[in-house]
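Chemist: Protein chains in written order, with UniProt numbering: chain A, 1 to 72; chain B, 1 to 72; chain C, 1 to 72; chain D, 1 to 72; chain E, 1 to 72; chain F, 1 to 72.
Ideal Cβ placement from N, Cα and C applies to all residues, glycine included.
6 protein chains.
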Amino acid sequence: MTVSAINVRNQFRGKVRDIIEGQVVSEVEVETPSGLIVTSVITTRSVHELGLVPGKEVIALVKSTEVSIAAL
Amino acid sequence: MTVSAINVRNQFRGKVRDIIEGQVVSEVEVETPSGLIVTSVITTRSVHELGLVPGKEVIALVKSTEVSIAAL
Amino acid sequence: MTVSAINVRNQFRGKVRDIIEGQVVSEVEVETPSGLIVTSVITTRSVHELGLVPGKEVIALVKSTEVSIAAL
Amino acid sequence: MTVSAINVRNQFRGKVRDIIEGQVVSEVEVETPSGLIVTSVITTRSVHELGLVPGKEVIALVKSTEVSIAAL
Amino acid sequence: MTVSAINVRNQFRGKVRDIIEGQVVSEVEVETPSGLIVTSVITTRSVHELGLVPGKEVIALVKSTEVSIAAL
Amino acid sequence: MTVSAINVRNQFRGKVRDIIEGQVVSEVEVETPSGLIVTSVITTRSVHELGLVPGKEVIALVKSTEVSIAAL
Chain A
1 MTVSAINVRN QFRGKVRDII EGQVVSEVEV ETPSGLIVTS VITTRSVHEL
51 GLVPGKEVIA LVKSTEVSIA AL
Chain B
1 MTVSAINVRN QFRGKVRDII EGQVVSEVEV ETPSGLIVTS VITTRSVHEL
51 GLVPGKEVIA LVKSTEVSIA AL
Chain C
1 MTVSAINVRN QFRGKVRDII EGQVVSEVEV ETPSGLIVTS VITTRSVHEL
51 GLVPGKEVIA LVKSTEVSIA AL
Chain D
1 MTVSAINVRN QFRGKVRDII EGQVVSEVEV ETPSGLIVTS VITTRSVHEL
51 GLVPGKEVIA LVKSTEVSIA AL
Chain E
1 MTVSAINVRN QFRGKVRDII EGQVVSEVEV ETPSGLIVTS VITTRSVHEL
51 GLVPGKEVIA LVKSTEVSIA AL
Chain F
1 MTVSAINVRN QFRGKVRDII EGQVVSEVEV ETPSGLIVTS VITTRSVHEL
51 GLVPGKEVIA LVKSTEVSIA AL
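1) Can you name the residues of chain E whose CB is closer than 7 Å to the CB of C/Ala71?
2) In chain order, what residues of the same chain have a beta carbon less than 7 Å from the beta carbon of D/Thr39, not counting five sequence neighbours either side?
3) Would you check if the distance between the CB atom of A/Val62 and the CB atom of B/Val67 is smaller than 9 Å?
4) On the three-state DSSP scale, how would you describe F/Arg45?
5) Considering F/Val24, what are the terminal residues of the beta strand (DSSP E) in which it resides?
6) Look at F/Val16 and F/Val53 and say whether their C-beta atoms are less than 9 Å apart.
7) For my contact list, E/Ala70 and B/Ala5 are in at a C-beta cut-off of 8 Å; report their separation, rounded to the angstrom.
8) Can you pull the DSSP bridge partners for E/Gly14?
9) Sorted by chain position, which residues of the same chain lie with C-beta nearer than 8 Å to F/Ile19's C-beta, five sequence neighbours on each side aside?
10) Does C/Thr65 get closer than 9 Å to chain A when you measure Cβ to Cβ?
11) Tell me whether A/Thr32 sits in a helix, a strand or coil according to DSSP, three-state version.
12) From the DSSP output, in three-state form, read off C/Ser4 for me.
13) On a CA-only basis, which of A/Glu57, A/Leu72, A/Arg9 and A/Arg45 is nearest A/Glu21? Give me that one, please.
14) Are the beta-carbon atoms of A/Ser34 and B/Leu36 separated by less than 9 Å?
15) Where do the ends of the beta strand (DSSP E) carrying F/Ser68 lie?
16) Quick one: what's got a C-beta closer than 6 Å to C/Gly14's C-beta in the same chain, skipping five residues either side?
17) Give the interface partners of C/Ser68 over in chain D, defined as CB-CB distance under 8 Å, in chain order.
18) For D/Val25, return the contacting residues in chain F, with the cut-off set at a CB-CB distance below 9 Å.
19) Are F/Asn7 and B/Glu49 closer than 9 Å when you measure CB to CB?
20) Taking Cβ positions only, does A/Arg45 come closer than 9 Å to chain D?
21) Output the distance between the C-alpha atoms of F/Val24 and F/Thr43, rounded to the nearest integer angstrom.
22) Name the DSSP beta bridge partners of C/Thr65, please?
23) Pull up the DSSP beta-bridge partners for residue 73 of chain E, would you.
24) Is any heavy atom in the ligand MN found nearer than 8 Å to the beta carbon of D/Val67?
25) With a threshold of 7 Å on Cβ separation, who are the neighbours of C/Glu57 within its own chain once the five nearest residues in sequence on each side are excluded?
26) Determine, using beta carbons only, whether E/Glu57 comes closer than 9 Å to chain F.
27) From B/Phe12 to E/Phe12, what distance separates their C-alpha atoms?
28) Alpha carbon to alpha carbon, what distance is there between A/Leu72 and F/Leu72?
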């Protein structure tokens, strides 16, 4: 599946840093070149189908309606 | 409301850069010190209640179950 | 941005059928070859940046954690 | 609990095809009459309370704000 | 559409208290018998199709994966 | 991390009533003073980092875009 663009406005390019694998879902940590860590929880089947392993190049995607804002 | 910590693993501290205000929801752009832009869509009422204006210090929050992963 | 695969398990390939455009978000209807209608709400900026117009080939994507189940 | 209608615009009627059960969440696959597979992740307690087993008639529900769009 | 049960573990039964209607999405406030206010943002088309008006009996539904926790 | 306010319009203050812990995610039940139970699924790492145990004072948070409405 090749897509040219996606509506998701928050895209964090980086490498898989760590994976905590569970029976149904897994926690995947992505580290960007600037050292930012983005944490995702996806199905374990997807982890295997995407061949996710530490070091793999990925993009973490977040739809803007899923982002909350806290005031300091 | 003061909270000491929140489960949300993805927290992006920065300043409001831009707001596109609509009747019901508004798009809020947050810029982190490293120049990363995080886009959020929240209710316009919340924009007003939080006193969000360009330059205001905020944290953009994303729950890890809302983060997808694309392989390159 | 070209991605080879994405973790999102629910992918509905089709054509844009209709767009209701608002100031901040827009409702986009996608019709699959089998006549299934999938409705999405995304930011209006994304509608313009992706060049979405009726007839455009797209994929509607839904993360499995966002799918609820009702029993009949 | 009987509801006459729900705002959720994406409703996929079908039968449970497969369940991968975990301690806290489970992956449930629903197959529609046209052969479309919709994957959901819900709490394992809900799987038991709804009596979900392969062959059970269900509706998979997706709120439109949770649907992303990728251009081809 | 009549469903006997839904996996969504958070169900708040009440009456519509207020609606702020927008072109594409609307904010709907639901008040429970104990005075709790639950706020929802759904498509304006759904508001019309469900015949939502102040006083209407409804259930506000929240999937548990969408609930965050803050420590005090 | 201390925040003065958060855009999330649905805030349910209460105490942790029960936790079902899994490898990657855990189900956390929060009981409000009026006896309302709100169920959340968050990462198990967050459960430990927030020191969540039965009796702990917390706030359950739900963004309004994540709330669906069913008509009775």
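Modeler: Short version:
1) The residue given as residue 71 of chain C occupies position 71 in the third sequence. At a beta-carbon threshold of 7 Å, the residues of chain E lying near C/Ala71 are Val3, Ser4 and Ala5, ordered along the chain.
2) One-based indexing of the fourth sequence puts residue 39 of chain D at position 39. Glu27 and Glu29.
3) Position 62 of the first sequence, counted from the first residue, corresponds to residue 62 of chain A. Position 67 of the second sequence, counted from the first residue, corresponds to residue 67 of chain B. Going by C-beta atoms, A/Val62 is nearer than 9 Å to B/Val67.
4) Taking the sixth sequence and counting its residues from 1, one reaches residue 45 of chain F at position 45. Helix at F/Arg45.
5) What you label residue 24 of chain F is simply residue 24 of the sixth sequence in a count that begins at 1. Counting along the chain, F/Val24 falls outside any beta strand (DSSP E), and DSSP gives it neither H nor E.
6) Position 16 of the sixth sequence, counted from the first residue, corresponds to residue 16 of chain F. Position 53 of the sixth sequence, counted from the first residue, corresponds to residue 53 of chain F. Contact: yes.
7) For the purposes of this step, residue 70 of chain E is taken as residue 70 along the fifth sequence, with counting starting at 1. For the purposes of this step, residue 5 of chain B is taken as residue 5 along the second sequence, with counting starting at 1. Contact flag correct, Cβ pair sits at about 7 Å.
8) Mapped onto the fifth sequence, residue 14 of chain E falls at position 14. For E/Gly14, which the question treats as bridged, DSSP gives the partners E/Val58.
9) In the sixth sequence, counting from the first residue as 1, residue 19 of chain F sits at position 19. Exclusion of the five residues before and after F/Ile19 leaves Ser26, Glu27, Val28, Glu29, Val47, Leu52, Val53 and Pro54 as the residues of its chain whose Cβ lies within less than 8 Å of its Cβ.
10) The residue labelled residue 65 of chain C in the question sits at position 65 within the third sequence. By this cut-off, C/Thr65 is an interface position.
11) Taking the first residue of the first sequence as position 1, residue 32 of chain A is located at position 32. Looking at A/Thr32 - three-state DSSP - the assignment turns out to be coil, as it is neither helix nor strand.
12) Numbered from 1 along the third sequence, position 4 holds the residue referred to as residue 4 of chain C. Residue state, collapsed to three classes: coil.
13) Taking the first residue of the first sequence as position 1, residue 21 of chain A is located at position 21. Looking from the CA of A/Glu21, the closest CA among A/Glu57, A/Leu72, A/Arg9 and A/Arg45 belongs to A/Arg45.
14) Taking the first sequence and counting its residues from 1, the one referred to as residue 34 of chain A is at position 34. Taking the second sequence and counting its residues from 1, the one referred to as residue 36 of chain B is at position 36. In this structure, A/Ser34 lies near B/Leu36, with their beta-carbon atoms less than 9 Å apart.
15) As a first step, residue 68 of chain F must be located in the sixth sequence, where it is residue number 68. Counting along the chain, the beta strand (DSSP E) containing F/Ser68 begins and ends at Ser68 to Ala71.
16) Start at 1 with the first residue of the third sequence, and residue 14 of chain C comes out as number 14. Residues Val30, Glu31 and Thr32 of the same chain have their beta carbon placed closer than 6 Å to that of C/Gly14, with the five preceding and five following residues left out of the count.
17) Sequence index remark: in the third sequence, residue 68 of chain C carries index 68 (1-based). Neighbours of C/Ser68 on chain D, chain order: Val8, Ser40, Ile42, Ala60, Leu61 and Val62.
18) Numbered from its first residue, the fourth sequence carries residue 25 of chain D at position 25. Under the 9 Å cutoff, chain F gives Gly22, Val24, Val25, Glu27 and Val41.
19) Here residue 7 of chain F refers to the residue found at position 7 of the sixth sequence. Here residue 49 of chain B refers to the residue found at position 49 of the second sequence. Yes, the Cβ-Cβ distance between F/Asn7 and B/Glu49 is below 9 Å.
20) Here the question's residue 45 of chain A lines up with position 45 in the first sequence. Chain D, which has a Cβ nearer than 9 Å to the Cβ of A/Arg45, makes this yes.
21) Here residue 24 of chain F refers to the residue found at position 24 when the sixth sequence is read from its first residue. Here residue 43 of chain F refers to the residue found at position 43 when the sixth sequence is read from its first residue. In this structure, the CA atom of F/Val24 is about 6 Å from the CA atom of F/Thr43.
22) Here residue 65 of chain C refers to the residue found at position 65 when the third sequence is read from its first residue. Beta-bridge pairing links C/Thr65 to no other residue.
23) Given that chain E is displayed from residue 1 to residue 72, the structure contains no residue 73 of chain E and the question cannot be resolved.
24) No copy of the ligand MN appears in this structure; indeed no ligand is present at all.
25) Against the third sequence, residue 57 of chain C aligns to sequence position 57. Lys15, listed in sequence order.
26) Position 57 of the fifth sequence holds residue 57 of chain E. It does: the Cβ of E/Glu57 has a partner Cβ on chain F nearer than 9 Å.
27) The residue you call residue 12 of chain B lines up with position 12 of the second sequence. The residue you call residue 12 of chain E lines up with position 12 of the fifth sequence. B/Phe12 and E/Phe12: Cα-Cα distance of roughly 31 Å.
28) For this step, residue 72 of chain F is matched to residue 72 along the sixth sequence. For this step, residue 72 of chain A is matched to residue 72 along the first sequence. Cα atoms of F/Leu72 and A/Leu72: separation of roughly 40 Å, rounded to the nearest angstrom.
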